[in-house]
Every structure is written in structure tokens, then in C-alpha cells.
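Since the structure comes first, as C-alpha cells, the remarks are kept for the end.
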Amino acid sequence: MTTTIIETKATRIAQAATRIRRSALLMGEVQGQGYIGQALGVADVLAVFYARDDGELRLRPDDPGWDGRDRFLLSIGHYAIALYAALAEAGTIPLEELETYGADESRLPMSGMASYTPGMEISGGSLGHGLGVACGMGLGLRHRGNPARVFNLLSDGELDEGSTWEAALACAHHRLSNVTAIVDVNGLQADGPTTGVLRTEPVTAKWEAFGWHAVRVDGNDVPALLAGVDEIRSHLDGPSVLICDTRIGRGVPFLETREKAHFMPVAEHEWQAARHALEGDRS
């Protein structure tokens, strides 16, 4: 792939990330609250996987249950606002449906529920289950001869859970090259900074010690993400992990510096200002 083609793809994916952020802001304003900081921070990562025509995932947007699809597991259920925006970008969810986010009878509850939402593979909420499910899916797909891949998006706080590391051991033991973990390292948990709640660094060395091929990138740098995904795709001797350092509130400067950003308070008058900031309009 030539440099020009790579740069053009990166530009298109960055534009998709902006649309994902815009959709997340729309849903946040509908409810007046939410995990908007995480959605803004992880948008570039999701765009790399879900951007229409450019995303890494093999999907059929109009047939989310297609057996040949890649499975994307959101074990951090409170990131659902971000994944809904990505599913709308991919074409699985109608864009106008995002305005129903969190409403009664909506297919888009505030925490991810597989029984409600097309394209939502598992129900999230209690952290630490996603990678175990990914391991089981990876084993099942390999047993059936299905070449589909399994991706599990985890938070850095989810690395506090022992079950995550048990699943990491199992994936490595079974040499599941069809399983990839994606860790959003934003440094913040419900109880405070990750470094204060339970120190997990050195993250890369830990995954490597558990038998994984680990790649760490700036999760808000699209070319770096694309290079990381390319490296993981070429690794066929066991599971891989893409460790993504992201910034909560990315793209909206006054939200990037907000305290108590895990469940971010956004005043009614700030939503329009956030959209202006996202579009580069500071007026």
C-alpha cells in the first residue's frame, strides 16, 4: 500500500472518528449526562474498526448476525454510547435512532445489552467477563473452521479483575491467534486515577509475560492505530493485544481538562459549545 493511499485512508478514518464523536455528543445531550468523556476518547479506536468501507472489521451492516462476521465484544458496558455511535457509522444502526438513546423501549440502553441492540455481541456491565467470552468464542470459531476474528475492547480499569488475567492465560495457552484484546488506557476509573486505585503498569510487559503479542500506540493517533492493527493482523502465532493510550474528552478541549470525568457532568449550555469545539469553531 503506497504512502498516499495510507494517508488518504487515515484521513477518512479521522473524519469517521469526528462523526462518531458528534453522534456521542448528540446522545449525551438527549440524556443530559453519560460516559461522554470515554466516548470522545475512544472514538479514533472505534473508527479504525467501524469506519464504513475502511474499517478493520468484516461486517455486513444489514445482517449483523452474519456467521462470517468478526465479533467485537464490548465488555465495558458503560461505553455503549461510543459503540452505538460506531454502529451508526458502520450502517448497522440508523443514524436517527441515536436520538432514542436511553429512552424507554429504545434499542439503545445506557449500558450495552446484546438482547436489544443489533451489532452488540455481549451484555456488559460487570467488568472482567469480556475476555473470557472472547476466549470461548475464539475456541469455538477455530473448532468450526470459521476464519472470523474476535476483538474485545477492555478498559484499563478492567485489568484490575483477576478473571481478565485468567482468560489471558487461557487464550495464550490455546494459541488463539483469532483473538485480539484492545485496551483503552485513559488512566481514570470510577474511584479515581488508575494509578491510585490499583497500579497496572507496566501494562505491555504484563501482557507479554502472559504470552501475548503486545503493541502499544497513541490511541488518538489514527496513523499509529492503523500501523498497530497492521502489525497485529500479521501476527499468527497466538493472541495479540493493542494497548491504546487515549485522552478522556478528546476533541473538546474544555472537556479534556474536566475533573471527575469518569461520569462527566456537562451543563445544558455546554453541549453546543462542545460541538463547536469539535468542529474547530471556538466562537
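Under full-length UniProt numbering, the first residue of the sequence shown is numbered 1, with each subsequent residue one higher. We put the beta carbon where it would ideally sit given N, CA and C, even for glycine. Note that the coordinates shown come from a computational prediction; the quantities given were computed from them, not determined experimentally.
Under the rule that 16 or more other beta-carbon atoms within 10 Å means buried, what is residue i, buried or exposed?
i, result
"residue 250", "buried"
"residue 115", "exposed"
"residue 109", "buried"
"residue 151", "buried"
Skipping 5 residues on each side, what residues in its chain have a beta carbon closer than 7 Å to that of residue i?
i, result
"residue 170", "135"
"residue 174", "139"
"residue 76", "124, 127, 153, 154, 155, 158"
"residue 78", "35, 111"
"residue 57", "49, 50, 70, 72"
Pull up the distance between the alpha-carbon of residue i and that of residue j, whole angstroms please.
i, j, result
"residue 73", "residue 119", "9 Å"
"residue 71", "residue 149", "6 Å"
"residue 178", "residue 21", "29 Å"
"residue 213", "residue 230", "13 Å"
"residue 64", "residue 92", "7 Å"
"residue 17", "residue 59", "18 Å"
"residue 39", "residue 237", "32 Å"
"residue 105", "residue 97", "12 Å"
"residue 164", "residue 130", "8 Å"
"residue 145", "residue 90", "26 Å"
"residue 50", "residue 280", "24 Å"
"residue 246", "residue 122", "24 Å"
"residue 202", "residue 48", "25 Å"
Using C-beta distances below 8 Å, list every residue in its chain close to residue i, excluding the 5 sequence neighbours before and after it, in chain order.
i, result
"residue 200", "156, 159, 160, 194, 206"
"residue 282", "The predicted position of residue 282 is uncertain, since its pLDDT is 42 and thus under 50; no value can be drawn from it."
For the alpha helix (DSSP H) holding residue i, just list the boundary residues, first then last.
i, result
"residue 257", "Note, residue 257: premise wrong, no alpha helix (DSSP H); not H, not E."
"residue 44", "36–50"
"residue 163", "162–173"
So what does residue i bridge to, in DSSP terms?
i, result
"residue 192", "189"
"residue 214", "241"
"residue 152", "73, 181"
Kindly indicate the opening and closing residues of the beta strand (DSSP E) around residue i.
i, result
"residue 243", "240–245"
Please work out which residues of its chain come closer than 6 Å, Cβ to Cβ, to residue i, disregarding the five sequence neighbours upstream and downstream, and give them in chain order.
i, result
"residue 61", "90, 91, 92"
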